[in-house]
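Taking it in order: structure first as structure tokens, then the write-up.
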Amino acid sequence: MAYIILEDCTGCDRCVDDCPNEAITEGDEIYLIDPNKCTECVGANEESQCVAVCPSLAIELDPNYQESQEELLAKYNALHAA
Ligand code: SF4
């Protein structure tokens, strides 16, 4: 599952640089996670880095993107293959 940033986001910017996949960008009002790039940090870290640093607890799993650990790892490897 990809993570999603909720409206509680205050735009503090702390999560952006910690994402190993450069999946987080600034939106019009809140920050956004690209579900095609989020691997739940599988392949890079033991825990989700954005969740760990968000002071507003504004990041949750998005049930619209169901993926297995194997699929998440394959996504990570594809993103970093170049
Ligand atoms: Fe990036 Fe990891 Fe957060 Fe996904 S869970 S957006 S890969 S920091």
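Just so you know, we're using our numbering here: the sequence shown kicks off at 4 and counts up by one. In this text, a Cβ means the ideal position worked out from N, Cα and C, and glycines have one as well.
Quiz item: Is any heavy atom of ligand 1 found at a distance shorter than 6 Å from the C-beta of Asn80?
Solution: no
Quiz prompt | C-alpha distance - Cys22 paired with Asp11, whole-angstrom precision | solution = 19 Å
Practice problem: Could you spell out where the beta strand (DSSP E) holding Glu10 opens and where it closes? | Solution: Premise fails: Glu10 is in no beta strand (DSSP E) and is neither H nor E.
Quiz item: For the beta strand (DSSP E) that Glu63 lies in, which residues bound it at each end?
Solution: Ile62 to Leu64
Quiz item: Candidates His83, Leu82 and Ile27: which alpha carbon is nearest Val54's?
Solution: Ile27
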